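**Student:** This is the structure, below, for whatever I ask next.
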């Protein structure tokens, strides 16, 4: 079974500062994927970034980077130069591969609020 | 191109009634997933389709829940004899299929969800 833990229910960050959202995971799969999704108040789930378990380099997508520490089983999301539009719920999720079934296991989320 | 669409966007129903929720995935996406999000919670997996078959139904909470997919495209989630605890947002997602033991995984694209309220 897979498990995702997000220990920060809420965070407040000043605009333009960097922010790190924590995520730890547990799995017995050798091959797995780690994802971060953003959910604004409108409710849609927006894909942000992906890290494969075999990837040696940390993933980056614009202002988003994923700090992947495999030995610690952590996959923290770093947002640089935060903006007011970054205020949202952020979910860490993981997927193992079971004959193509890549169902996602989600954490409970972190509500990020950017302060002007 | 068009994203994942779901209908209706909102559904209010009386306890005991049946409801059908529809999902139109992105064209060409063979994998389709249903999730449920209760108020203030993370997403909970319900069922996975690969083409028209559902090899993983392990997340369906009870036998009142069923789903089908036709033509490798549209999927319908049916809840019979709805209960108040069924109230939630039901989200559908689609993706390109991963291979067996794939080293790479594909992001899932989510629809806007159907908010179900059982009174």
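Residue numbers (my numbering), protein chains in the order written: chain A, 26 to 141; chain B, -8 to 110. From the three backbone atoms N, C-alpha and C, an ideal C-beta is built for every residue, glycine too. Every value quoted in this text rests on a predicted model; they were computed, and no experiment measured them.
Express the C-alpha separation of residue 63 of chain A and residue -4 of chain B in angstroms, rounding to a whole number.
**Tutor:** If you take the alpha carbons of residue -4 of chain B and residue 63 of chain A, they lie about 18 Å apart.
**Student:** Where DSSP assigns a beta bridge to residue 40 of chain A, which residues make up the other side?
**Tutor:** None; residue 40 of chain A has no bridge partner.
**Student:** Between residue 130 of chain A and residue 27 of chain A, how many whole angstroms is the CB-CB distance? I'm expecting something under 8 Å.
**Tutor:** About 4 Å; that satisfies the 8 Å criterion.
**Student:** Going by DSSP, which residues form a beta bridge with residue 51 of chain A?
**Tutor:** Paired residues: A:28.
**Student:** What residues in the stretch 87 to 112 of chain A bring their beta carbon closer than 8 Å to a beta carbon of chain B?
**Tutor:** Here the close residues number zero.
**Student:** Which residues mark the beginning and the end of the beta strand (DSSP E) in which residue 121 of chain A is found?
**Tutor:** Taken as a continuous stretch (DSSP letters only), the beta strand (DSSP E) holding residue 121 of chain A covers 113 to 121.
**Student:** DSSP three-state label for residue 23 of chain B, please.
**Tutor:** Strand, per DSSP.
**Student:** Going by DSSP, which residues form a beta bridge with residue 93 of chain A?
**Tutor:** Partner(s): A:100.
**Student:** According to DSSP, residue 13 of chain B sits in a beta bridge with which residue or residues?
**Tutor:** B:-2 and B:67, per the DSSP bridge assignment.
**Student:** Are at least three pairs of beta-carbons, each pair with one atom in the stretch 56 to 74 of chain A and one in the stretch 96 to 110 of chain B, less than 8 Å apart?
**Tutor:** With the cut-off at 8 Å, the stretch 56 to 74 of chain A and the stretch 96 to 110 of chain B touch.
**Student:** Quick one: is residue 137 of chain A buried, meaning 16 or more other Cβ sit within 10 Å of its Cβ, or exposed?
**Tutor:** Buried, by the Cβ-count rule.
**Student:** So, does the CB of residue 60 of chain A fall closer than 9 Å to a CB anywhere in chain B?
**Tutor:** Yes, because at least one Cβ of chain B sits closer than 9 Å to the Cβ of residue 60 of chain A.
**Student:** Which of helix, strand or coil does DSSP assign to residue 127 of chain A?
**Tutor:** Of the three classes helix, strand and coil, the one that applies to residue 127 of chain A here is coil, per DSSP.
**Student:** Starting from residue 88 of chain B, trace the beta strand (DSSP E) in both directions and tell me its first and last residue.
**Tutor:** No beta strand (DSSP E) contains residue 88 of chain B, which DSSP labels as neither H nor E.
**Student:** Evaluate residue 120 of chain A with the Cβ neighbour count: other Cβ atoms within 10 Å of its Cβ, from every protein chain shown; 16 or more gives buried, anything less gives exposed.
**Tutor:** Flag for residue 120 of chain A reads buried.
**Student:** Out of curiosity, what's the CA-to-CA distance linking residue 108 of chain A and residue 139 of chain A?
**Tutor:** The alpha-carbon atoms of residue 108 of chain A and residue 139 of chain A are separated by roughly 7 Å.
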